[in-house]
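Some notes on the structure that comes next.
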Amino acid sequence: MSRTVRPLLPFAEGALVVLSLAVVLSFARLFNDGSFFPKLAAFALVAHGTAIVARRLGWSLPASAALSLLALGITIGLALYPDTTILGLPTADTLSAARADFADVWTQFQSVQAPTDVTTAFLLAAGLALWWSAFVADWAAFRVWVPFESVIPAGTVFVFASLFAAKQSQVALTGLFVLASMAFLLIHRVTRQQTNAGWVTSDVQRGTNSLLRVGGVLALLSVLAAMLIGPNLPQAHSAAIVTWRGNGGGPNSRTTVSPLVDIGHRLVDQSNSELFRVKSNVRSYWRMTALDEFDGQIWKSDGSYESADGRLPKGVSSSAPNELATQSYDIIALDTIWLPAAFVPRSIDDQSTDVRYEPGTSTLIVGTSVTNANTAKYTVQSELPVFDPAQLETAPPEIPDDIRSKDMQLPNDFSPRVAAEAQRAIGSATTVYDKALALQNYFRDNFTYDLNVGPGHGESAIERFLFDTKRGYCEQFAGTYAAMARSLGIPARVAVGFTPGDQDSQDPTVYHVKGLHAHAWPEVYIGGQGWVLFEPTPTRGAPNAQQYTHVAEEQAADSGGESTTLVPTSAAPTASTTNPLATATTKPFDEVNAGTGLTGKHEPSFWSTSRFGGRALLVLAILPLLALLYAAGVLAWHALYRARRRRAAVNSDEQVRLAWQESVEALGLLGVTPSRAETPLEFGARASGAAGVDGFAELAGLLVRSSYSADGAGDEDAERASELREHVTSSVRERSARSARVRSALDPRPPSRRRPRSTHGPASRKRGDAPLIEILEL
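Structure below.
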């Protein structure tokens, strides 16, 4: 009695939907809360639903795509912009809102770091990606019936999101995605096999249950093993060999993007949490880095960082006298890779972690072996330039080539309106210093410091800031200043760091730096003087810069939860604030670094046996060796198997049958296989024509003689069968694809247990095909 066969197509469709939902769930690593899930899940469910309905109705792919686009528009309106719809249908306002968010999503993408707030712009971009993934996956899975290609769309979205995601729940969500992928592949395969399987009809359900049960257990065990063992393998948490995240450009380099991505929230949140402590004999801005690339949307930097221990190379020379500052830092919760230091750092010592340095922007960062600067302790000695307004006024106009090529660049489509406003702001100023000072005063006199504005310093944000709101915080002031200065032909960049912080009540040389002290300011290059700080942000003023900026020192201070400004009443021992040149130190740098040796320490190259304890080289050597051993072992096994079979054929009849079997196995490379309904003579005649191999029909006659004649096959028949076998196999090798021959040669299974290759559709075996060995069992 045959069992009822339950079709698995709905289960395969459901498994593909679950795979998309696993991708949606993986977005938890990108967002701060789970409010994204219902909306993105709606995109995935509706996309799959419309694809399933259109396919079940027999609609063509273009008609299905049209229905999908219509459903997409309705989903966008209902899920993201319900207030703009009429009875659930999108309107022109819906399209306008979606267009504005889509145009702004790239700016937001560059300005935040995961996990970030859930915004409509991010949901729109993610929803469109999920919709594309669902539609393409359904087409590949159930119209073309290709399994692995069906997983690629979801995998693409998952991997792209993972590149920028936080590490939270990384292993669990990755394991869930892999398990969902394997479950879909298993059910998809069994669904195809229900209609193409070689087992008899009465065993279809039993075979289906067996495959699902065994395959499901194996998939679950393999994923659990990977989740438990993988993260605990040696070097699992070491620096990447291929630096795909952009945080390393080789053994001695590290590529960084804008630190505004890391500390932007601190500029607004004004957190009272202490980030680091610094003990310094000079009060200063604690600068982290300078951003010298502007693409029209965001300021960023991209530099190569060398190992730092001892003396640090000087990026730009300056004829200005300098004041020596020795700072000892204790990083508590900075949560960035950048290390603060007074500008310009010249030596570093006593550090508790690996440190890198980039001379062009005078930036210190932690090495690739650690994720952030938290718990780092180090001592920096800096040369703080003390600028004389008269020297700045008479500075030569020459600009070094390296600065001209990088620190004066603007996008080709930079706003003419902003450039014209920059010209109006400087008035009749002629020297670089006068222009820079006039631009600073333009902001301080006409704009208001306000934390209640959106982040961003791209061109659209600049125009909104300049001509509409005239309100912002240091990010807008510094970024807009630097862009306008470049439009005037002045080299400029954006520095990011912290104001001095709160002095310790017991030791005035100790400063407690909090989130509310985060700050950004512009730096302008003036010939012969180097990089000069200016302060366009109202309510802020840099220490020891009043003599040329004409701005008194000022910073944010906590006062009952409110952010106010405060001029320090008791300065740490430092140069005179009225005449900083009076006590400025101008010792040669060699004297500054007496007793601080230059170690010349460099991180070993990847190919060095000392890197990772030599394990990386060992792995690289073992992997190809294992591949060669596998290939050699399989080839040897096939040769041994073939020799044993031939030795077992002791009489002429067995030798003829073996020649027939090996010839039929060879024809499997061309997709020519015998059917249960065919006699050997019928198959021999068909195969000779289908494969273009002569002599196969004669071999079929020898097989019939050996099986059915009274005398059986003679020695001459066995010898002729052997000759025909060699002829057939050599002819097949000439006609088959090289890839098919390689797969056959490296397949460890005995030839009699392989499923013949088919040239007709995805199934490798048609209903009714007989196992090759069955012809020999007479």
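So in our numbering, spot 685 of the sequence shown is number 744, and the numbers just go up one at a time.
All C-beta atoms in this analysis are idealised placements derived from N, C-alpha and C, irrespective of residue type, glycine included.
Taking the Cα positions, Y767 is about 40 Å away from G692.
A check of alpha carbon separations from I390 across S376, Q410 and L84 identifies Q410 as the nearest.
Here E594 carries a coil assignment [DSSP, helix/strand/coil]. Comparing C-alpha distances from P212 to each of S781, D509, V82 and S765 shows the shortest one belongs to V82. Look at the beta carbons and you see the region 410-422 not touching the region 376-383: under three pairs across the two are nearer than 8 Å. When DSSP states are grouped into helix, strand and coil, W118 belongs to the coil group.
Within the model, the alpha-carbon separation for F243 versus W198 is close to 15 Å. A400 is not a Cβ neighbour of R342, given a cutoff of 8 Å. Boundaries cannot be given for Q410, as no beta strand (DSSP E) includes it and DSSP labels it neither H nor E. C-alpha of A122 to C-alpha of T150: approximately 23 Å in a straight line. For F557, the pairing in a beta bridge is given by DSSP as W345 and A577.
According to the DSSP secondary-structure assignment, G600 is paired through a beta bridge with E613. A Cβ-Cβ contact shorter than 8 Å links L183 with A157.
Between V555 and L277, the C-beta spacing is not below 8 Å. Under the three-state reduction of DSSP output, Q450 falls in the helix class. Contact between V591 and G600 is absent: CB atoms are separated by about 15 Å, not below the 8 Å threshold. Rounded to the nearest whole angstrom, the CA to CA distance from V164 to F524 is 19 Å.
With contacts defined as CB atoms closer than 8 Å, V439 and T412 fail to qualify as a contacting pair.
If you check the CB distance, R784 and E737 do not come in under 8 Å. Scanning the region 368-423 from its first residue to its last, the whole beta strand (DSSP E) runs of 3-plus residues come out as 381-390, 404-408 and 414-417. Partner residues in the beta bridge of Q440, as assigned by DSSP, are T385 and S406. In this structure, A106 lies away from L238, with their beta-carbon atoms at least 8 Å apart. By the neighbour-count definition (other C-beta atoms within 10 Å, threshold 16), D566 is an exposed residue. By the Cβ rule, the region 775-795 counts as touching the region 708-721, because three or more pairs are nearer than 8 Å. Assigned with DSSP and collapsed to three states, E333 falls in strand.
The DSSP-derived three-state label of A769 is coil. About 13 Å separates the Cβ atoms of I585 and L498, ruling out a contact at the 8 Å cut-off. Within a 10 Å sphere around the beta-carbon of I145 sit fewer than 16 other beta-carbons, which makes this residue exposed. Between R202 and R88, the C-beta gap is not smaller than 8 Å, which leaves the two residues out of contact. With respect to L235, L84 sits close: the two C-beta atoms are nearer than 8 Å. Under DSSP, K359 shares a beta bridge with E352. About 7 Å separates the Cβ atoms of Y344 and P602, confirming a contact at the 8 Å cut-off. By the Cβ neighbour-count rule, K226 is exposed, with fewer than 16 other Cβ atoms within 10 Å of its own. Taking the C-beta atoms as reference points, A384 is found no nearer than 8 Å to L423. For L783, the enclosing alpha helix (DSSP H) has its first and last residue at D774 to R794.
Here K529 carries a coil assignment [DSSP, helix/strand/coil].
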